[in-house]
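The structure appears right after this line, and notes come after that.
Residue numbers (the numbering used here): 2 to 349.
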């Protein structure tokens, strides 16, 4: 892609998200979300592969549906209450509609079906943008409206953690596994959204850091399926030793960074007398943990057949920058000791 066009599209992505962040009026927020969608579509379809075009079409249709639903709900709110302000949402009908529209935008269960399919059709770089940056604007709106109907959020959150766990069990494609991982993590964020918005934000940030390092590892190894992971030990032995730790951090095992948000969320849910919800969420984390362990096993404990075609990629030097990967890997593995500091900040 022409670097000028790429720069314009990335600028459009950034601008769309920033407009949504800065808006207090529903029309402006909707406009930011639309800019976001329109800027990422050429990035998704740039390879002209049938899978990429199919993924782009699916993404466009779901995002357009969600945006139309959002516009309809905000217009309904203006009709019922005379308010266009994001903070002034009082009527339960538009609040629920907007919550569902934003759930469709980010890919929460039960409106998650598009996410694995779309992510599977993209290259790893665009998939990374879709899994991280594209979640920011809808989350900014969810944090602002603070939905009054708590049971909707808890149902969405629990369904997402369970679907994210069950869905990933049978997958062999890494991008689909990462899509289900994304659904499960979003479920955890939504569960605690109404009780501690700052904790949701912390979970979102740790999820972005962990997903960034996972995608960068797969990109460095040029891996798109579990079988291709088996050759990674010869390309980057040190990184192959660290990757299981990155995956287990995504699964939320101590003493890695990914344990921190899960620990604080379960603690917060227990404080709110939602022990059964916390138990179900913790049990669903075990499902996710199974497929992260499966990836770790494929990467470190299996040997690939050493035929000539298998050894060719080992001799090709990767042109990818390793500094972002180094920084994100360190953050993914070593931030758990900061939990008391973050806990103190959350309670301020």
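For glycine and all other residues, C-beta sits at the position ideal for the given N, C-alpha and C.
For the ligand ADP, is there any heavy atom lying closer than 7 Å to the beta carbon of residue 107? Questions concerning the ligand ADP fall outside what the structure shown contains, since it holds no ligand whatsoever.
Quick check: the segment 81-100 against the segment 119-139, are at least 3 beta-carbon pairs closer than 8 Å? no
Rounded C-alpha distance that separates residue 291 from residue 330: 21 Å
Residue 274 by DSSP, collapsed to three states: which one? coil
To which residues does DSSP link residue 86 through a beta bridge? 26
Under 8 Å between C-beta atoms of residue 241 and residue 301: yes
Assign residue 263 to one of two classes, buried (16 or more other C-beta atoms within 10 Å of its C-beta) or exposed (fewer than that). buried
Between which residues of its own chain and residue 198 is the CB-CB distance below 8 Å, once the five residues before and five after are set aside? 144, 147
Proximal residues to residue 104 (C-beta, below 7 Å), its chain only, five neighbours per side dropped: 112, 157
Rank 220, 276, 297 by C-alpha distance to the C-alpha of residue 325 and give the top, closest one. 220
Along the alpha helix (DSSP H) that carries residue 186, what are the first and last residues, could you check? 175-193
Return yes when the Cβ of residue 159 is within less than 8 Å of the Cβ of residue 282, no when it is not. yes
State buried or exposed for residue 139, treating a residue as buried only when at least 16 other CB atoms are found within 10 Å of its CB. buried
What residues match up with residue 197 in a beta bridge as DSSP calls it? Looking at the DSSP assignment, residue 197 forms no beta bridge with any residue, so it has no partner.
Count Cβ pairs between the segment 69-76 and the segment 44-54 that sit closer than 8 Å; are there 3 or more? no
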